[in-house]
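Residue numbers (this note's numbering), protein chains in the order written: chain Z, 1340 to 1560; chain W, 1340 to 1560.
Protein chains: 2
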Amino acid sequence: MATARGRIDKRQAILDGAFTVFARQGYAQACVQEIANEAGVAKPTVYNHLTDKATLFRHAMRAAAQNVLDQRLAALQPLTEPGPDLRAGLEEVGHRLVRLHADDRSCALRRLLYAELNHFPDILDLVVESGPQRLSQALADRLARLTLAGRLRATDPDQAAEHFLALITGPLETRSQMGTRRLGDAELDEIARAAVRTFLHAFGVEDDRRGSGPEEPGLRS
Amino acid sequence: MATARGRIDKRQAILDGAFTVFARQGYAQACVQEIANEAGVAKPTVYNHLTDKATLFRHAMRAAAQNVLDQRLAALQPLTEPGPDLRAGLEEVGHRLVRLHADDRSCALRRLLYAELNHFPDILDLVVESGPQRLSQALADRLARLTLAGRLRATDPDQAAEHFLALITGPLETRSQMGTRRLGDAELDEIARAAVRTFLHAFGVEDDRRGSGPEEPGLRS
DNA sequence: GATTTGTTGAACTCATGAGTTCAATTTAGT
DNA sequence: ACTAAATTGAACTCATGAGTTCAACAAATC
Chain Z
1340 MATARGRIDK RQAILDGAFT VFARQGYAQA CVQEIANEAG VAKPTVYNHL TDKATLFRHA
1400 MRAAAQNVLD QRLAALQPLT EPGPDLRAGL EEVGHRLVRL HADDRSCALR RLLYAELNHF
1460 PDILDLVVES GPQRLSQALA DRLARLTLAG RLRATDPDQA AEHFLALITG PLETRSQMGT
1520 RRLGDAELDE IARAAVRTFL HAFGVEDDRR GSGPEEPGLR S
Chain W
1340 MATARGRIDK RQAILDGAFT VFARQGYAQA CVQEIANEAG VAKPTVYNHL TDKATLFRHA
1400 MRAAAQNVLD QRLAALQPLT EPGPDLRAGL EEVGHRLVRL HADDRSCALR RLLYAELNHF
1460 PDILDLVVES GPQRLSQALA DRLARLTLAG RLRATDPDQA AEHFLALITG PLETRSQMGT
1520 RRLGDAELDE IARAAVRTFL HAFGVEDDRR GSGPEEPGLR S
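1) Please state whether the Cβ-Cβ distance between residue 1366/Z and residue 1454/Z is less than 8 angstroms.
2) Listing by chain order, which chain W residues have their CB less than 9 angstroms from the CB of residue 1502/Z?
3) Which residues in the same chain as residue 1400/Z place their Cβ atom closer than 6 angstroms to its Cβ, once the five residues preceding and following it in sequence are excluded?
4) So which residues on chain Z does residue 1449/W lean against when the C-beta distance must stay under 8 angstroms?
5) How about residue 1515/W and residue 1504/W: do their beta carbons lie closer than 8 angstroms?
6) Determine the direct distance from the alpha carbon of residue 1527/W to that of residue 1430/W, and round the result to whole angstroms.
7) Taking residue 1540/Z as the query, report the chain W residues whose CB atoms sit under 8 angstroms from its CB, ordered along the chain.
8) Output the distance between the C-alpha atoms of residue 1537/Z and residue 1468/W, rounded to the nearest integer angstrom.
9) Specify whether the stretch 1475 to 1484 of chain Z and the stretch 1384 to 1398 of chain Z touch according to this definition: at least 3 beta carbon pairs, one from each stretch, less than 8 angstroms apart.
10) Could you tell me the distance, in whole angstroms, from the CA atom of residue 1550/Z to the CA atom of residue 1518/Z?
11) Helix or strand or just coil, what does DSSP make of residue 1543/W?
12) Apart from the five residues on each side of it in sequence, which residues of its chain come closer than 8 angstroms, Cβ to Cβ, to residue 1438/Z?
13) Roughly how many angstroms separate the alpha carbons of residue 1351/W and residue 1358/W, rounded to a whole number?
14) Does the separation of the CB atoms of residue 1499/Z and residue 1433/Z fall below 8 angstroms?
15) Starting from the C-beta of residue 1398/W, find all residues in its chain whose C-beta is less than 7 angstroms away, skip the five residues before and the five after it, and write them out in chain order.
16) Return the CA-CA distance between residue 1416/Z and residue 1470/W, expressed in angstroms with no decimal places.
17) How would you list, in chain order, the residues of chain Z whose beta-carbon sits under 9 angstroms from the beta-carbon of residue 1467/W?
18) Measure from the alpha carbon of residue 1348/Z to the alpha carbon of each residue in 1379/Z, 1466/Z, 1492/Z and 1446/Z, then state which is nearest.
19) Excluding the 5 residues preceding and the 5 following residue 1360/W in the sequence, name in chain order all residues of the same chain whose CB lies nearer than 7 angstroms to its CB.
20) Compare the beta carbon distance of residue 1483/W and residue 1496/W with 8 angstroms and say whether it is the shorter of the two.
21) In whole angstroms, give me the CA-to-CA distance for residue 1408/Z and residue 1511/W.
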């Protein structure tokens, strides 16, 4: 409507717009006309590229999930060549994961996933299996290397990765009220720091427990 | 339709049926006729008790949330008068919480909450504020008592409670694939035991760390 | 420049479902 | 038993939105 006509990359615009509208309205309440408007495209064009509202949803979800996963895997990078300060490396990863998890599109993806699990059982494979599963796996790989290097206690790396991610995402989820409340940078950092603190107490070796930074305070408040 | 007629507790039946159908279909896809059928009641009767589909949803959600919260608060009971074996007490609480969290109605409530956050911003207050918030608060109270008794390290009880719950619910959420996969009792117990293990490493005092049970294994698999 | 392909807006069909009306019937209260 | 309130089924109104059709139009290909 407003944007220029042409057949360049309508399809991508449609998928983006679809995800935006689905995220805002939910699957059932989102109407295709609004998606077309959001994408700057006519309604028949939408049906020209994607046959159904359902397949439109599936493709939009797949694309969004791919984006989120890529970003998260990239966030683990500081652990590939960890510096001398293990706590600093973990906190850096924590910061990045917290920010990605609190991101609008990430929250929207989670919400849509939860919402439409019953109606689209197949998107679970596309999103969950190639989502937290892969992230946890990748993190476990890094932690295993650290364990072999003697910088973490000798425990199951999968377990450690699972708990690290739980300590990051759990508090984030409750504090942000399932993604509805916007958190300031300070609070996000505090969540990551606290998670790393608990994680190192549980999985760290003595050397690294008092390795760096100000020693943990007794009572916060 | 099938059940006996009468005006005794139609309202409760309607709210129960509504939650069941909403849980199965989502808000938009659930139709009032089906809710009426589920409740064993005629459609006008539904509108006689609850004016709107929207208010029907709100009341059903509120009732379900109240149930879930009550059960969860009751699950903390083993920590009110903790026996000599702290680990056993924590594991008992963990077991109960894990089972409640994995329960069908609990999963459905979470899903509906996530799904309709945008459309019903007000149910967030009804559910979240009187949900994990209150649970975390109650758990923090127990942990504070334990800290004063010298059975936990001196740290912020709110922090400890937050991390305990994260260690319980996080792994549960990923392993059950957001509540779609049904987990066996063995796996549920393993999740609770692992959570308590990590928690006590991070927040326990030395006495209790090797308090009871078989010492933790090195590598699981 | 002519042809083919993709896009556009508008109007259309059709199914679904919220909410209502109503006369007939059942139940509770007395 | 009698009355008032609640329940019931069926049919109804009305709005919404998925998916389609079509004639006019733009863009790339030759």
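For glycine and all other residues, C-beta sits at the position ideal for the given N, C-alpha and C.
On the basis of the coordinates in this document:
1) The answer is yes: Cβ separation under 8 angstroms.
2) Per Cβ cutoff of 9 angstroms: 1505, 1506, 1509, 1510, 1533, 1534 and 1537.
3) Scanning its chain for C-beta atoms nearer than 6 angstroms, with the 5 sequence neighbours on each side dropped, one finds around residue 1400/Z the residues 1462, in chain order.
4) Under the 8 angstroms cutoff, chain Z gives 1453.
5) No, Cβ-Cβ distance for residue 1515/W and residue 1504/W is not below 8 angstroms.
6) Linking residue 1430/W to residue 1527/W through their CA atoms gives a straight-line distance of about 11 angstroms.
7) By Cβ distance, chain W contributes 1540, 1541 and 1542.
8) So the two alpha carbons sit approximately 25 angstroms from each other.
9) Under the Cβ criterion (8 angstroms, minimum of three pairs), the stretch 1475 to 1484 of chain Z does not count as touching the stretch 1384 to 1398 of chain Z.
10) Reliability of the predicted coordinates at residue 1550/Z is poor, the pLDDT of 43 falling under 50, and the value obtained from them is presented with this limitation in mind. In a straight line, the C-alpha of residue 1550/Z is about 34 angstroms away from that of residue 1518/Z.
11) Residue 1543/W: strand per DSSP, three-state reduction.
12) Only 1527 meet the Cβ criterion.
13) Cα atoms of residue 1351/W and residue 1358/W: separation of roughly 11 angstroms, rounded to the nearest angstrom.
14) Against a cut-off of 8 angstroms, the Cβ pair of residue 1433/Z and residue 1499/Z comes out as no contact.
15) So the list reads 1354 and 1389, once near-sequence residues are dropped.
16) If I take the Cα positions, the gap works out to 36 angstroms.
17) In chain order: 1513, 1516, 1517 and 1519.
18) Comparing Cα-Cα distances from residue 1348/Z to each of 1379/Z, 1466/Z, 1492/Z and 1446/Z, the minimum goes to 1379/Z.
19) Contacts found: 1369, 1373, 1374 and 1377.
20) Yes.
21) Distance between the alpha carbons of residue 1408/Z and residue 1511/W: 20 angstroms.
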